[in-house]
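Undergrad: 487 is the number of the first residue of the sequence shown in this note's numbering; add one for each residue after it.
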Amino acid sequence: MKQVLGLISLHEHEELLKEITRFRPLAAVPFGGRFRLIDFVLSNMVNSGIAKVGIVVKQKYRSLLDHLRSGKDWDLARRRDGLFLLPPPDHIHYSNSIYKGDMEHFHNHVDFLNKSSQEYVLIAGSHIIYNMNFNEFFQAHLAKQADKYSLIRSMTHGNNGHETAAYLMQTGHLPGGRLAYPSVGAIFTFFKKDQYKGLIPPYIVMLEAAGRFSEEGFLGPTYKPFATGGDPNSARFEVQGIVNKGIDDGRQKARRELVDKVNLMGYGLAEAPEMASAEAARQ
487 MKQVLGLISL HEHEELLKEI TRFRPLAAVP FGGRFRLIDF VLSNMVNSGI AKVGIVVKQK
547 YRSLLDHLRS GKDWDLARRR DGLFLLPPPD HIHYSNSIYK GDMEHFHNHV DFLNKSSQEY
607 VLIAGSHIIY NMNFNEFFQA HLAKQADKYS LIRSMTHGNN GHETAAYLMQ TGHLPGGRLA
667 YPSVGAIFTF FKKDQYKGLI PPYIVMLEAA GRFSEEGFLG PTYKPFATGG DPNSARFEVQ
727 GIVNKGIDDG RQKARRELVD KVNLMGYGLA EAPEMASAEA ARQ
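1. Looking at the strands, I want to know which residues DSSP matches up with Ala493.
2. Enumerate in chain order the residues of its own chain whose CB-to-CB distance from His553 is below 8 Å, with the five nearest sequence positions on each side excluded.
3. In this structure, what does DSSP give as the bridge partners for Arg522?
4. Going by beta-carbon coordinates alone, are Val542 and His613 separated by less than 8 Å?
5. Hey, which unbroken runs of the alpha helix (DSSP H) at 4 residues or more fall wholly within the region 671-756?
6. If we define contact as Cβ-Cβ less than 8 Å, is Gly540 a contact residue for chain C?
7. Near Arg564, what residues of its chain come up, given a Cβ to Cβ distance below 6 Å and the 5 sequence neighbours on each side ignored?
8. With respect to the beta strand (DSSP E) encompassing Phe570, which residues constitute its N-terminal and C-terminal limits?
9. Can you tell me whether DSSP reads Ser583 as helix, strand or coil?
10. Tell whether a beta-carbon distance below 8 Å holds between Gly540 and Leu493.
11. Buried or exposed, going by whether 16 or more other CB atoms sit within 10 Å of the CB of Asn530?
12. Report yes if the C-beta distance between Leu551 and Leu571 is below 8 Å; otherwise report no.
13. For Pro574, which of Asp567, His595 and Gly557 has the nearest alpha-carbon?
14. With a threshold of 16 other CB atoms inside 10 Å of the CB of Leu503, please say whether the residue is buried or exposed.
15. So, with DSSP's three-state summary, where would you put Leu660?
16. My output table needs one value for Glu590: the three-state DSSP class, helix, strand or coil.
Spelled out as structure tokens, the structure:
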């Protein structure tokens, strides 16, 4: 995990703990009489082998500095890498609500990220108490499957309407108004459409599309997800349109081969004037 930079963002919602966070950040709130909330995520990172950790602080962080000090308790007091405190720049004033969240804070410290020798960045908050080996997660998923990966252990929201909260989480917008916004999966499909050349659909929803989780919005039905259907726990996972119920594998293979042959006929006639005229008429 030496190639991973740990980044702990303290831009967290403190509304539910107003009294005990009046003079300290949520990360510095005591737990169990001897710990602070930040101890858990910081220990998870160090125990996973991360040697460089940056803490993006927000405000009222004097008690946090008193607790962390040089980072010696986590073996982060070292000449190379170690513990870094990343305070907000002078132009940010929280009282007039111009602060725009994590992305602005990361942008303000982009020089720290660019100068780091680590290839990957692991971003976490301090408000969730859990024990996790990030190394196992990194090796099993991030390094083998994707350049970006998100692990969500817990989530809360001020709106108790599941459909409304799901729409907000998936699209970044509140429902209502003239536009129906696309979900995050549809947006990724739109921006990656020129790079995608596989046979598997780029946007897949396991089993059934669940309401706003399958929202293609104003992008149109082209970016609607492919719902697999079926039961993945059964001996034969029947995927809609690929592994059909009541049809054996040999017959399905013969059907696909026939479709491929028909498609090849179209490819062979692509240069024919009649085919070009038909395509022009279709457009």
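The C-beta atom is built at its ideal place from N, Cα and C for all residues, glycine as well.
TA: In terms of the structure at hand:
1. Note on identity: in this sequence residue 493 is Leu, with Ala being the wrong assignment. Leu493 is bridged to Gly540 and Ile609.
2. Ala514, Arg522 and Ile524
3. Pro516
4. no
5. 735-754
6. Among the chains of the structure shown, chain C does not appear; only one protein chain is present.
7. none
8. Gly568 to Leu572
9. With a pLDDT of only 42 at Ser583, under 50, the local geometry of the prediction cannot be trusted, and no value is derived from it.
10. yes
11. buried
12. yes
13. His595
14. exposed
15. coil
16. helix
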